Ligand SMILES: *Cc1c(COP(=O)(O)O)cnc(C)c1O
């Protein structure tokens, strides 16, 4: 029988002394949050309503965007953005093969065709290869700010203007990241965020947010995430139900008000420390760091020689090093009819074969960072 694999996976990650995830610690103030949830119950305000409005607006502001639209998940954020922009059957969307499944799933579910362009050394889409992938069917570019590292948005936006394309960013890793002193949502037509339990700002289930500066597009998104209803009795267009749950908005607001800046600052500090030490190990290849941008390190990812062996070694020493992810999208079973083959995207394939992510969450101690570093040094000196 096919079962949901998540509960098992959470149990497994709980085994390591140095975890990738930290949900119990992160929500150790849950009694305070439950009090806030109780207010939702007392008001009976279970769908949309004030809590969602406030959260949407605060979240958009925080990422330097005008309008926030709360939706059911990061995947829905991507899917609904494509729908709202009228992208579907017969249209092409340029994106990277080195991403999470949802980027591609959203494009295909919307009816459009994903066109892959190889990744670059920063693990994001290689902007120098985008132009040659543009055809008269291309409607949008979907860059992914992988690990919370902003893509080269000047180049992407320049191409978008030149070829009249929309830029729909998969910013699921990118809450609070900045591109040249601008919040990440300021530099795309639409930015899509996830609040899945394993993301930097996480709720108690699924949730997502779309941020845009385009008022007409925002209006369309408010409609289509809620049955196309302009009010209780009038449906402007047949659509879908993907509202951000009010309960989840309350939890997200709590994190926004009290935790997200600290979570982000601590991740960045941990990553900087790892950078400093790991850059001295010749078997480790870290992506270049762009000094004018702020990366938020949803993942701390590098390329490591003998990756699989190193991962096992670290796991044995109690460190939950993970691979995000071992197989690029064009080599997935789901891509078998798309006409791609091994070797088509050598950089993405190289990243997938050698990448390893180390825990950098806000509860990692200095001692644990030093232990991770010395364990990696030890592995390569044996
Ligand atoms: C998590 C994630 C998504 C999907 O978000 P969900 O909220 O889980 O639907 C999309 N793209 C990327 C890059 C992600 O990491």
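Residue numbers (the numbering used here): 13 to 394.
Think of the CB as a built atom: it goes at the ideal place given N, C-alpha and C, for glycine as much as any other residue.
None of the values given here were measured: they were computed from a predicted structure.
Item: Counted within 10 angstroms of its Cβ, other Cβ atoms place residue 55 as buried (16 or more) or exposed; Value: exposed
Item: Beta-ladder partner(s) of residue 205, from DSSP; Value: 221
Item: Where residue 151 falls, given that 16 or more other Cβ within 10 Å makes a residue buried; Value: buried
Item: Contact check, residue 116 vs residue 126, beta carbons under 7 Å; Value: yes
Item: Own chain partners of residue 424 with C-beta closer than 6 Å, once the 5 adjacent residues on each side are dropped; Value: For the chain, the structure presents residues 13 to 394; residue 424 sits outside this window and is missing.
Item: C-alpha gap between residue 314 and residue 334, whole angstroms; Value: 11 Å
Item: Cβ shell of residue 133 (< 8 Å), same chain only, five flanking positions each side left out; Value: 299, 300, 359
Item: Residue 71 - containing alpha helix (DSSP H), residue span; Value: 62-74
Item: 7 Å Cβ cutoff met for residue 11 and residue 153; Value: Residue 11 lies beyond the range of the chain shown here (13 to 394); nothing can be said about it.
Item: Whole-angstrom distance between residue 122 and residue 95, CA atom to CA atom; Value: 7 Å
Item: Three CB pairs or more closer than 8 Å across the stretch 43-62 and the stretch 244-264; Value: yes
Item: Residue 220 beta carbon near ligand 2 (any heavy atom closer than 6 Å); Value: Ligand 2 is absent from the structure shown, which contains only ligand 1.
Item: Which residues DSSP lists as bridging residue 368, in chain order; Value: 314
Item: Status (buried if at least 16 other CB within 10 Å, exposed otherwise) for residue 288; Value: exposed
Item: Per DSSP, the bridge partner or partners of residue 399; Value: Residue 399 cannot be examined here, being either before or after the span of the chain that is shown, 13 to 394.
Item: Where the alpha helix (DSSP H) through residue 286 begins and ends; Value: 272-290
Item: Residue interval of the alpha helix (DSSP H) (run including residue 393); Value: 378-393
Item: Residue from 87, 42, 44 with nearest C-alpha to residue 256; Value: 87
Item: Range covered by the beta strand (DSSP E) that runs through residue 243; Value: 241-243
Item: Contact test: residue 181 Cβ vs ligand 1 heavy atom, cutoff 6 Å; Value: no
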